[in-house]
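These notes concern the structure reproduced below.
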Amino acid sequence: MKILVGYKRVVDFNVRIQVKPDGSGVATEGVKLSANPFDDIALEEALRLREKGVASEVVVVTIGPADAQAHLRNGLAMGANRAIHVVAPQAPQPLTAARVFLKLIEKEQPQLVILGKQAIDDDCNQTGQMLAALWNRPQATFASKVEIAGQVARVTREVDAGLETIEVDLPAVITTDLRLNEPRFIKLPDIMKAKSKPLETLDFAALGVESGDHLTTTRYAPPPKRSRGVMVKDAAELVAALKHRGLL
Amino acid sequence: MSERESMEYDVVTVGAGPAGLAFAIRLKQVKPELRVCVIEKASTVGAQILSGAVIEPEPLNELLPEWGRNPPPICVPVTHDEFWWLRDKQRAWKLPTPPQMHNHGNFIVSLGALCAWLAPQAEALGVEIYPGFAAAEPLFDAEGAVCGVRIGDMGVARDGSHKPGYTQGIDIRAPLTVLAEGCRGHLSKRLIAKFALDRDCDPQTYGIGIKELWQLPAGRVAPGTVVHTIGWPLDPATYGGSFLYHLDRDRVAIGFVTGLDYEDPMLSPFEAFQQLKHHPRIRPLLEGGQIVSAGARAIVEGGYQSLPKCEMPGAILIGDAAGLLNVPKIKGTHQAIRSGMLAAEHVAATGRAEGWDARLRASRVVDELRKVRNIRPGFHRGLWLGLLNAGWETISAGHSPWTLKNRADHAALRRVDRFQPPLRDWVERTLPPRDRLAGVYFASTQHDEDQPVHLRVADTTVCLTRCAEEYRNPCTRFCPAGVYEIVGDGADRRLQINAANCVHCKTCDIKDPYQIIDWVTPEGGSGPNYQNL
Chain C
1 MKILVGYKRV
11 VDFNVRIQVK
21 PDGSGVATEG
31 VKLSANPFDD
41 IALEEALRLR
51 EKGVASEVVV
61 VTIGPADAQA
71 HLRNGLAMGA
81 NRAIHVVAPQ
91 APQPLTAARV
101 FLKLIEKEQP
111 QLVILGKQAI
121 DDDCNQTGQM
131 LAALWNRPQA
141 TFASKVEIAG
151 QVARVTREVD
161 AGLETIEVDL
171 PAVITTDLRL
181 NEPRFIKLPD
191 IMKAKSKPLE
201 TLDFAALGVE
211 SGDHLTTTRY
221 APPPKRSRGV
231 MVKDAAELVA
241 ALKHRGLL
Chain P
1 MSERESMEYD
11 VVTVGAGPAG
21 LAFAIRLKQV
31 KPELRVCVIE
41 KASTVGAQIL
51 SGAVIEPEPL
61 NELLPEWGRN
71 PPPICVPVTH
81 DEFWWLRDKQ
91 RAWKLPTPPQ
101 MHNHGNFIVS
111 LGALCAWLAP
121 QAEALGVEIY
131 PGFAAAEPLF
141 DAEGAVCGVR
151 IGDMGVARDG
161 SHKPGYTQGI
171 DIRAPLTVLA
181 EGCRGHLSKR
191 LIAKFALDRD
201 CDPQTYGIGI
211 KELWQLPAGR
221 VAPGTVVHTI
231 GWPLDPATYG
241 GSFLYHLDRD
251 RVAIGFVTGL
261 DYEDPMLSPF
271 EAFQQLKHHP
281 RIRPLLEGGQ
291 IVSAGARAIV
301 EGGYQSLPKC
311 EMPGAILIGD
321 AAGLLNVPKI
331 KGTHQAIRSG
341 MLAAEHVAAT
351 GRAEGWDARL
361 RASRVVDELR
371 KVRNIRPGFH
381 RGLWLGLLNA
391 GWETISAGHS
401 PWTLKNRADH
411 AALRRVDRFQ
421 PPLRDWVERT
431 LPPRDRLAGV
441 YFASTQHDED
451 QPVHLRVADT
461 TVCLTRCAEE
471 YRNPCTRFCP
481 AGVYEIVGDG
491 ADRRLQINAA
501 NCVHCKTCDI
511 KDPYQIIDWV
521 TPEGGSGPNY
531 QNL
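Just so you know, the protein sequences line up as chains C and P, in that order. Heads up, the first sequence is in the working numbering, so the first residue is 1 and it goes up one at a time. Heads up, the second sequence is in the working numbering, so the first residue is 1 and it goes up one at a time.
Below, the structure written as structure tokens:
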């Protein structure tokens, strides 16, 4: 079984996000970039399935600028068999990303596609669902446990009410939640080995995918600063202050 | 336990800073067949590098003659130097700029960004760079010579047990290990002690530099302007001063260095820096701006007379791991790059550590230190005699027949009961950060809380007895990240180490008066994630 894993590069979760002074976007110069944490979980799950003998090949995919190659090498160092880099000027919006994945599915014929439930940069949480619809295959989103038996995936999902377990027929799309697993540490010798693993480069324009980037971002702004609090001496003063503001 | 994996190289370099990268680049330029790797504890190259920084470009010109065509992302030519004495919290006098501090022809850079820019150029030459891996221990062969480094294990819990993701660190073996860890490197510290490399020199001395990068409202910044100050908020007995560098795109880098030979146990270098920002010469510039990134790092100040022997069986020291910073110039990057290149040429020619110390000492790197050797220790007698002495040493170009002594920083603190603290006319602060925790936020520092504490205090009973009495726990003040706290009352009173806040500046390792704090590497990739510092 072949597994396709989405592996997006985002601003590292430890970095304090800064909006560019002109409001045109988020500053990325000199900023640490790394794999979307949900995608790391997706890759880890795929690798575990391979180690269990369920899968035979894990392919990591990223859609992004030319310098994202080093990022894909990390995915290979973690253990993926090979990588596909769809070179695009910037990361696309979910519909475009889903269409690109559909193209790759046609080419690669995977039995399973594992994506992060969302990327921590735009927090869209759409690509997996859109891809399942376009592909006309089942989806199991927000997975916290995945078991594969034959042509069926039994997936425990994190839903508002607790946990829900569903079975989907393969091929299918699974999106990962935080508790699915804890990604492994990359070992130093594996970084060296990753340098010789196959990395295929495809040009976005040459894929013949219609862009679904219909949203235009007009302006970025940091959240408004919280205004200074007021210290009150006792309950009476608190009540007076609330009354003064018409809250009581 | 399974056999530990290992990898073999011709040379292993510890630290992807200017010295280590210059070494690796030069080595590949002159002897491309050698296999060299660079181990870096930060998760990406440059993320744990902090410097002013105004650099002299000459060594970079020699290393990469074409560098100007594709300059590092922050690289602003210096247009103008200013030197101010802040008399008190209100007044400031402009002084003539000392000759060493003339920066015509130099560039203001972010040293972190510069290293991140150097790394791919090294990789293009075949250097293997491994960020996110901490060189935790030196390896020794049967004869006792250094033969590589051991990478720290990943996935170890706070109590030392192995977590599910536990990954054993590998051994990197090489006939030659190059220590380019920067100031107070923890492997360098251990090896200097083991091989008694500092037997014939003065103790090393240090300063603590704290820096912030600010984004300001449009129109305030004069790109290329370099301002240094001395005086307030420090008293004349304490060595230190500020730097303020105007970058491009409405950004300034501001920082403050306090000599770690300060005597007042109640002094907080962090607070001194925050005070400085509120001087009327500086405050209007920053007001309304935003901090982009902030952090702290110890710097080497000992110079010529504190330079240890820079070679030992199987390993050499370069850059600030050796201690090559030029204090009057307040610059070490050119020295780091030059020493790295020189070491590469030595290694290419001989393949060994032997002879490196003599070669370094015969070079202009050490000659530069020798000429200014008396300037920094001259400030032991206070600011004014220090400036007079600096004037004499500058005019005489270091030809004084004497060499002033350096003394260990940790021994400089005075006991609270025998010390009259100077009056500090410090002001109420309004500019961010509010306190050290707010400051740490701008360092984006990250450590998995469930890992062994990487600040090892040999004997914590001292903290509540002798230290509390003699120095009132100076660790709670000298740490710029608020790592050390005394918490609880009565019998529950204890030292709490907030290791997750650590920004790897090494001040505690240096200044702790009993020398019982040992900074060791946390899990690889942990620590600050600086942006353009």
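Quick reminder that beta carbons are idealized off the backbone N, C-alpha and C, glycines included.
As assigned by DSSP and simplified to three states, the class of residue i
i	result
VAL416 (chain P)	helix
GLY288 (chain P)	coil
THR156 (chain C)	strand
ARG251 (chain P)	strand
HIS447 (chain P)	coil
LEU60 (chain P)	helix
LEU306 (chain P)	According to the sequence as given, residue 306 (chain P) is Ser; it is not Leu. If DSSP states are grouped into helix, strand and coil, SER306 (chain P) belongs with the helices.
VAL462 (chain P)	helix
ASP203 (chain C)	strand
CYS479 (chain P)	coil
HIS279 (chain P)	coil
TRP67 (chain P)	helix
MET1 (chain P)	With a pLDDT of 49 at MET1 (chain P), under the threshold of 50, the predicted position of this residue should be treated as unreliable, and no value is reported.
PRO528 (chain P)	coil
LEU178 (chain C)	helix
LEU247 (chain C)	coil
Inter-residue CB distance, residue i and residue j (contact presumed, cutoff 8 Å)
i	j	result
LEU437 (chain P)	GLY488 (chain P)	In fact, because the Cβ distance is near 19 Å, the residues do not count as touching under 8 Å.
LEU285 (chain P)	PRO233 (chain P)	Contact doesn't hold; Cβ gap of about 17 Å is too wide.
ASP518 (chain P)	HIS410 (chain P)	Rounded, the Cβ-Cβ distance is 13 Å, inconsistent with contact.
GLN121 (chain P)	LEU64 (chain P)	7 Å
ALA180 (chain P)	ALA321 (chain P)	6 Å
LEU118 (chain P)	LEU21 (chain P)	4 Å
LEU247 (chain P)	PRO280 (chain P)	The Cβ separation is near 22 Å, so there is no contact.
VAL10 (chain C)	VAL61 (chain C)	Not confirmed; about 15 Å, so no contact.
GLY116 (chain C)	ILE41 (chain C)	7 Å
Residue range of the unbroken alpha helix (DSSP H) whose run includes residue i
i	result
TYR441 (chain P)	436-441
LEU342 (chain P)	333-350
VAL100 (chain C)	94-108
THR507 (chain P)	507-511
LYS28 (chain P)	18-30
VAL149 (chain P)	It is not in any alpha helix (DSSP H) - VAL149 (chain P) instead sits in the beta strand (DSSP E) that spans 146-151.
VAL239 (chain C)	235-244
GLY319 (chain P)	319-322
LYS193 (chain C)	188-194
GLU210 (chain C)	Unbroken run through GLU210 (chain C): none, as it is neither H nor E.
Terminal residues of the beta strand (DSSP E) in which residue i lies
i	result
TRP214 (chain P)	206-215
ILE172 (chain P)	171-173
GLY240 (chain P)	240-246
PRO77 (chain P)	75-77
MET7 (chain P)	6-8
THR249 (chain C)	For chain C, the structure presents residues 1 to 248; residue 249 (chain C) sits outside this window and is missing.
HIS228 (chain P)	225-231
SER75 (chain C)	A quick correction: the sequence has Gly, not Ser, at residue 75 (chain C). Where GLY75 (chain C) is concerned, there is no enclosing beta strand (DSSP E), although the alpha helix (DSSP H) it sits in stretches over 69-78.
LEU455 (chain P)	455-457
GLU469 (chain P)	It is not in any beta strand (DSSP E) - GLU469 (chain P) instead sits in the alpha helix (DSSP H) that spans 468-471.
Within chain D, the residues that residue i reaches when beta carbons sit closer than 9 Å
i	result
GLN18 (chain C)	No chain D is part of this structure, whose protein chains are labelled C and P.
- Task: Would you list, in chain order, the members of the stretch 209-230 of chain P that have their beta-carbon closer than 7 Å to a beta-carbon of chain C?
- Result: GLN215
- Item | Contained alpha helix (DSSP H) runs [length at least 4] in the stretch 355-386 of chain P, N- to C-terminal order | 356-361 and 364-371
- Query: If contact means a Cβ-Cβ distance below 7 Å, which residues of the stretch 152-167 of chain P contact chain C?
  - Reply: MET154, GLY155, PRO164, GLY165 and THR167
- Task: Report the residue ranges of all alpha helix (DSSP H) runs contained in full by the stretch 94-142 of chain P; include only those spanning at least 4 residues, in chain order.
- Result: 111-124
- Task: Could you list the residues in the stretch 4-15 of chain C with a C-beta less than 7 Å from some C-beta on chain P, going in chain order?
- Result: ASP12, ASN14 and VAL15
- Message: Under 7 Å, CB to CB, which of the residues in the stretch 465-499 of chain P have a partner in chain C?
- Response: none
- What residues in the stretch 170-194 of chain C have a beta carbon less than 9 Å from any beta carbon of chain P? GLU182, PRO183, ARG184, PHE185, ILE186, LYS187, LEU188, PRO189, ILE191 and MET192
- Message: Output needed in chain order: residues of the stretch 75-88 of chain C with a Cβ under 7 Å from some Cβ in chain P.
- Response: none
- Contact set between the stretch 229-251 of chain P and chain C, restricted to residues whose Cβ is under 9 Å from the partner: ARG249 and ASP250
- Give, in chain order, every residue of the stretch 67-85 of chain P whose Cβ lies closer than 9 Å to some Cβ of chain C. PRO73 and ILE74
- Query: If contact means a Cβ-Cβ distance below 7 Å, which residues of the stretch 20-48 of chain C contact chain P?
  - Reply: PRO21, GLU29, GLY30, VAL31 and LYS32
- Task: Report the residues of the stretch 288-300 of chain P with a CB closer than 9 Å to any CB of chain C, ordered along the chain.
- Result: GLN290, VAL292 and SER293
- Task: Return the residues of the stretch 90-113 of chain P that lie within a Cβ-Cβ distance of less than 8 Å from chain C, sorted by chain order.
- Result: SER110, GLY112 and ALA113
- Item | Runs of alpha helix (DSSP H) wholly within the stretch 7-54 of chain C (minimum 4 residues, chain order) | 37-51
- Using a Cβ cut-off of 7 Å, which residues of the stretch 33-57 of chain P contact any Cβ in chain C, in chain order? SER43, THR44 and ALA47
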